[in-house]
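Participant:
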Amino acid sequence: MGLNLLSQTRITLSQVKPFVPDYLGFDQEIHDRIKTHLLMEFDSSYGPAWHCIVGTSFGSYVTHSLGGFIYFSISKVYVLLFRTAVEPLEK
1 MGLNLLSQTR ITLSQVKPFV PDYLGFDQEI HDRIKTHLLM EFDSSYGPAW
51 HCIVGTSFGS YVTHSLGGFI YFSISKVYVL LFRTAVEPLE K
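Heads up: the sequence shown begins at 1 in the UniProt record's numbering, then just goes up one per residue.
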């Protein structure tokens with residue numbers, strides 16, 4: 001999953017970059033569009049349980065699946081994308 005995930009991230013980033021402004025500002029609509037696009041791409045390519053945080057300043061402490069953590073920035077907008085394990089509910 002590692003190399004394929006990396007190549008998918010590069011493809012997705014090229015699709016997302018036009019939405020990111022070149023200034024340091026908080027635009028909730030743009031951040032929501034980036035988050036929605038990334039979640040749709042990764043859920044369809046790698047299955048459910050992906051989570052995404054997009055912003056100009058945030059902290060995090062997350063538990064993620066092996067090979068399911070990506071953190072990057074584009075023009076001062078930071079993105080954290082991670083996957084958690086999906087376990088069936090016990091009855």
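Where is the CB? At the ideal position from N, CA and C, for every residue including glycine.
At 3 residues or longer, what runs of the beta strand (DSSP E) sit wholly inside the region 41-81?
Facilitator: If we require 3 residues or more, the beta strand (DSSP E) runs fully inside the region 41-81 come out as 50-55 and 69-74.
Participant: Is it true that the region 59-68 meets the region 31-41, where meeting means three or more beta-carbon pairs spaced less than 8 Å apart?
Facilitator: Output reads no: the region 31-41 does not touch the region 59-68.
Participant: Pull up the DSSP beta-bridge partners for residue 83, would you.
Facilitator: To locate residue 83, count along the sequence shown from 1; it is residue 83. In the DSSP output, where bridge partners are listed per residue, residue 83 has 50.
Participant: Would you kindly work out how many angstroms separate the C-alpha atoms of residue 50 and residue 75, rounded to a whole number?
Facilitator: Start at 1 with the first residue of the sequence shown, and residue 50 comes out as number 50. Start at 1 with the first residue of the sequence shown, and residue 75 comes out as number 75. Distance between the alpha carbons of residue 50 and residue 75: 23 Å.
Participant: Thinking C-beta only, is residue 52 closer than 7 Å to residue 81?
Facilitator: Residue mapping note: residue 81 aligns to position 81 of the sequence shown, counting from 1. Residue mapping note: residue 52 aligns to position 52 of the sequence shown, counting from 1. Yes. Within cutoff.
Participant: Sorry if obvious, but does the Cβ on residue 41 come closer than 6 Å to a heavy atom of the ligand SAM?
Facilitator: Here there are no bound small molecules, and the ligand SAM is not part of this structure.
Participant: Which term fits residue 2, buried or exposed, when burial requires 16 or more other beta carbons within 10 angstroms of its beta carbon?
Facilitator: Translated into positions along the sequence shown, residue 2 becomes position 2. Only weak support exists for where residue 2 lies, its pLDDT of 48 falling under 50; the value from the coordinates is given anyway. Looking at its Cβ environment, which holds fewer than 16 other Cβ atoms inside 10 Å, residue 2 is exposed.
Participant: Let's test the definition: count the other Cβ atoms within 10 Å of the Cβ of residue 54 and tell me whether it reaches 16, buried, or not, exposed.
Facilitator: Taking the sequence shown and counting its residues from 1, the one referred to as residue 54 is at position 54. Its Cβ being crowded by 16 or more others within 10 Å, residue 54 is buried.
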